[in-house]
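Data block below; observations after.
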Amino acid sequence: MPPRMTDFSEHLNPEQCEAATAGDGPLLVLAAAGTGKTRTLVYRVAYLVERGEPPQSLLLLTFTNRAAREMLERAKTVAGDAVGNLWSGTFHHVCNRFLRKFADRLGYRRDFAILDRDDSRALIDRCIKDSVLNRKEFPKKDVIASLIGNAANRACPLEDVLEKAADVLKADPSEIVKVARLYAQRKAESGVMDFDDLLVNGLRLLKEHEDVRDFYRGSFRHVLVDEYQDTNLLQAEIVDILAGACRNVMAVGDDFQCIYSWRGADFRNIMEFPKRWPDCRIVRLERNYRSAPEILEVANACIKGNPEQFQKTLRPTRPAGVKPSVYTLRNGDEQAMTVMNLIRTYQENGCRLRDMAVLYRAHFHSIELQMQLARAGLPYVITSGISVFEQAHVKDVIAFLKVCENSNDRIAFERLLCLLDGLGPRSAEAIWEKLGKTFDSGDNEQRDRLTAALRVSARGQWQELARLFQQYHDENLAAKGGEAVERFCDVFYRDYLNRAYDNGDKREEDIRELALQINKHDGGANGFLQEVALLTNIDHEYDRMSRGQADKVYLSTVHQAKGLEWPVVFVIWAVEGMFPSSRSLGEAEDDAEERRLFYVAVTRAKDALALCAPGMRCTREGGVYYCKPSRFIKELPRGLVKERYGSARF
DNA sequence: GTTGGGAGAATTTTT
DNA sequence: TTCTCCCAAC
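Each residue of the first sequence is one higher than the last, beginning at 0 in numbering that gives the first Met the number 0.
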């Protein structure tokens, strides 16, 4: 079959086409919200493949697995299945792949374990307990974790981060440094990496090992990066190195939408891209296909005042629609009621529930609305703060699988043992030491030694597990990890769930579903385990949504709504102190980021946008705060929005 | 050392 | 609401 050739100018507007069909050399695409950024990237991939580039020589870096998957699928429909061989995934994913091949160069085993956020915080907590005497005054593990993470992602010494945070932190910086050292030391001792280490070590690999660097430089002829504005210094450097030889680097992003600086993202990466790649071509995408012009006017007006940005103006392509509304409301309850009534009205006018979203700054802002929706029986889905894969019961099951597969995973081993009756962290640790810091689940003798080390009350339960390990290795259950999980649940875990939780049934369901997911995974149990730490909520959520085609209203934080769109969008709690959040306001930079976040919220809407500003907020204790409408509303020029009041008054 | 009850706190969280 | 921490009782 002759290769099919796409007429790119037919599918793309001139700017998109210019970006997609550009020749070799660095390319920066400044793509404002809703201007077909993904489409351009997809066609770029298709173009390169049709032009004869082997797909495996293309590297497509994204920020979520979902984005990678979506783009891959779309590119396949344009250029055919051959596209499927290209390298795509998140930075963490790609670094993980590098490290699975070369981690031994850095003194790690190639089957190193990954600490997810929870594991990492738990380990930090242990370090605090073991090294800090006066813990009353010492910051909590979350604070320490974010300081350490900040330093890693900004590629700067922890001391600098601490200095900047000095006035908020009461603790002695040297003590925090001590904890951080201990944390690093313990990670090294057990040969594990946390999320940040994947980036740090991925980069080290490329920097310190010339042959590895040359190997990957030689593998990739083109490096394409999505959401470039949210890269941190490490990620930008990884891109620069990988594209260092071929010089074919395409960065796509929108500095207006950089909303992760608190995680180390630095929008200067995108601002300074032309400095680092002086001969780069810059293409601006400004024609917005998503939103009604009235919505874009609000978006343009709200972002205008931000300093330090590439000047871009969203240009509408759609015909006139309706002006966005600003609702002035009495309190959270009236807000919830009003939003619900509006949702109903839209629904009566033929709008599906899944075409509507409610966005907010922080999860807890949605409580009243959730309660109202639940009471009224209006179906909704909500993106929660914790990932499915971070929930205790899912992690328990995964710990079991890890122990089956890996005899060095101390964290998984101890977690599994803690599930036994009357056995806590202390004993689990002691047993691990006693076994010589290893436990081979396939080894009969070791299983017996473990039995002997247990207190009598836990032995019965352990026997069940020991039998299961035996089966695991005899029947080669590794090939179908889901089956192993099912049996684990049957012979042991179900009982535990029902003892430990009120909603044991619900959790068991999660686990049955997890088993299916594991079976679907190509690499068997081991392949699944190597990636599971990098899977997130959104990946899971997405599967569920697309499979169920559920007709539900979507409730989400603005952060998690990035990249998505809905015909109807409500932004609730658009008041000073909540959006912008008073917690994050301090310096001008913070105000700018909150404004970008607001911009992201506004630009999610296609046809209708409602901003809600209640005048007061009730606290748990029955107290009342008065709130002023958000500065982002106040700043809007007159006439851009329609002023309205709560439906309770009609 | 483990477990369970009660008090108290909660910004965002691509990996 | 849900998660986390701390203390007291096994």
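We treat Cβ as the ideally placed atom computed from N, Cα and C, and that holds for glycine.
Where does residue i fall in DSSP's three states?
i: V131; result: coil
i: Y651; result: Nothing about residue 651 can be reported from this structure: the residues present for the chain run from 0 to 649 only.
i: W431; result: helix
i: V640; result: coil
i: G217; result: helix
i: P277; result: coil
i: S406; result: coil
i: S87; result: strand
i: P156; result: coil
i: L372; result: helix
i: S145; result: helix
i: C617; result: strand
i: A151; result: helix
i: H10; result: helix
i: T327; result: strand
i: D117; result: helix
i: G576; result: strand
i: N231; result: strand
i: V396; result: helix
i: V167; result: coil
i: K605; result: strand
i: G22; result: coil
i: E17; result: helix
i: P138; result: coil
i: A457; result: helix
i: G547; result: Residue placement at G547 is poorly supported in this model, since its pLDDT is 46, which falls under 50; the coordinates are not used for a value here.
i: P53; result: coil
i: I175; result: helix
i: D439; result: coil
Please report the residue range of the beta strand (DSSP E) in which residue i lies.
i: G263; result: First-last for G263: undefined, no H or E at that position.
i: Y553; result: V552 to T556
i: M192; result: V191 to D193
i: A112; result: A112 to L114
Drop a sphere of 10 angstroms on the beta-carbon of residue i, count the other beta-carbons inside from all chains shown, and report buried for 16 or more, exposed for fewer.
i: P613; result: buried
i: I281; result: exposed
i: Y625; result: exposed
i: F631; result: buried
i: M249; result: buried
i: T337; result: buried
i: F388; result: buried
i: N502; result: exposed
i: Q184; result: exposed
i: I269; result: buried
Which residues in the same chain have their Cβ closer than 7 Å to the Cβ of residue i, if we skip the five residues on either side of it in sequence?
i: C617; result: N330, G331 and V623
i: K75; result: V82 and G83
i: D253; result: L29, A30, A31, A32 and Q228
i: A451; result: none
i: H10; result: Y42
i: C660; result: Not covered by the structure: residue 660. The range shown for the chain is 0 to 649.
i: F90; result: L60, L198, Q234 and I237
How would you write the range of the alpha helix (DSSP H) that residue i sits in, first residue to last?
i: Y495; result: R493 to A499
i: W565; result: Where W565 is concerned, there is no enclosing alpha helix (DSSP H), although the beta strand (DSSP E) it sits in stretches over W565 to V570.
i: R73; result: N64 to A78
i: N525; result: G523 to V531
i: V82; result: No alpha helix (DSSP H) contains V82, which DSSP labels as neither H nor E.
i: T450; result: N443 to A452
i: D509; result: G503 to K519
i: A477; result: Neither: A477 is in no alpha helix (DSSP H) and is coded neither H nor E.
i: R630; result: R630 to K633
i: E296; result: P292 to K303
Any idea which residues DSSP pairs residue i with across the strands?
i: V251; result: V28
i: Y625; result: M615
i: L59; result: S87 and L223
i: P315; result: N287
i: V357; result: L554 and F569
i: L610; result: V325 and V570
i: I381; result: L554
i: V282; result: V28
Can you name, in chain order, every residue of its own chain whose Cβ lies under 8 Å from the Cβ of residue i, other than the five neighbours on each side?
i: Y288; result: G33, T34, G35, T316 and R317
Within its chain, find whatever has a CB closer than 6 Å to the CB of residue i; leave out the 5 residues flanking it on each side and keep chain order.
i: F309; result: L29 and D254
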